[in-house]
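A.B. asks:
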Amino acid sequence: MSEPARGTGLASTAARNSFATVAVRLSNLLVGMILTPFLLHGIGPELYGVLVVTSSTYDYLSLLRGGVGGALRRFVTLYHHAGEHEKARQYYAAGFWWAGLLRGGIFLIGLVLAAPLTGFLRVSAASRADCALGIALLITGTVILDT
Numbered sequence: 007m008s009e010p011a012r013g014t015g016l017a018s019t020a021a022r023n024s025f026a027t028v029a030v031r032l033s034n035l036l037v038g039m040i041l042t043p044f045l046l047h048g049i050g051p052e053l054y055g056v057l058v059v060t061s062s063t064y065d066y067l068s069l070l071r072g073g074v075g076g077a078l079r080r081f082v083t084l085y086h087h088a089g090e091h092e093k094a095r096q097y098y099a100a101g102f103w104w105a106g107l108l109r110g111g112i113f114l115i116g117l118v119l120a121a122p123l124t125g126f127l128r129v130s131a132a133s134r135a136d137c138a139l140g141i142a143l144l145i146t147g148t149v150i151l152d153t
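Right under this line is the structure:
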């Protein structure tokens, strides 16, 4: 029985994926460190605070997904590599629709929270409507682009 060619096994795939994940996280950290001073200077401390709180709020809301995507991704991978492509497809389809449903819920909650969040943050009355719209747009963009 022949062994698989070097670099094509599951361990090598896992190592490449791990390195890619670390690289993405480091690049996100680096971009955040570089962009923060520019953003703070460009939009001011009040709006920067709104941006950070909105981002944190979305992160907390995304906990409502409960890890469904990661759990289903595992089964898609297992069944795909086991040659059971129909089962892998079913898990993928279930994950796709559940993720969409949960994202829709997060989107609606985010929109409902947009106006009260500006009051909680004590945003000046003159810019409260603009901030609520900005929060709604940030939540919308994040829901669309989040994987």
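As numbered in the numbering used here, residues 7 to 153 make up the sequence shown, in order. Built from N, CA and C at the ideal position, the CB exists for glycine as well. Just so you know, these numbers come straight off a predicted model, no measurement behind them.
Using CA atoms only, rank isn't needed, just tell me which of I141, R79 and F126 is closest to R95.
C.D. replies: R79
A.B. asks: Between A77, V129 and D152, which lies nearest to V56 when the distance is taken from Cα to Cα?
C.D. replies: Per the Cα distances, V129.
A.B. asks: Just to check my reading of the structure: A120 and A142 have Cβ atoms closer than 8 Å, yes? What is that Cβ distance to the nearest angstrom?
C.D. replies: Confirmed, Cβ separation roughly 4 Å.
A.B. asks: Do the CB positions of F81 and Y97 come within less than 8 Å of each other?
C.D. replies: yes
A.B. asks: Could you check which residue in G73, Y64, T42 and G76 has the C-alpha nearest to that of V183?
C.D. replies: The requested residue 183 does not occur in the structure, where the chain is confined to residues 7 to 153.
A.B. asks: How long is the line joining the alpha carbons of G110 and A100, rounded to whole angstroms?
C.D. replies: 15 Å
A.B. asks: Going by the CB atoms, is the gap between S68 and D152 shorter than 8 Å?
C.D. replies: yes
A.B. asks: Please list, in chain order, all residues of the same chain as L108 whose beta carbon is under 7 Å from its beta carbon, the five residues on each side excluded.
C.D. replies: L70, R71 and V74
A.B. asks: What runs of the alpha helix (DSSP H), each 4 residues or longer, lie entirely inside the segment 19–103?
C.D. replies: 74–87
A.B. asks: Go to D152, then tell me how far its alpha helix (DSSP H) extends in each direction, as first and last residue.
C.D. replies: First-last for D152: undefined, no H or E at that position.
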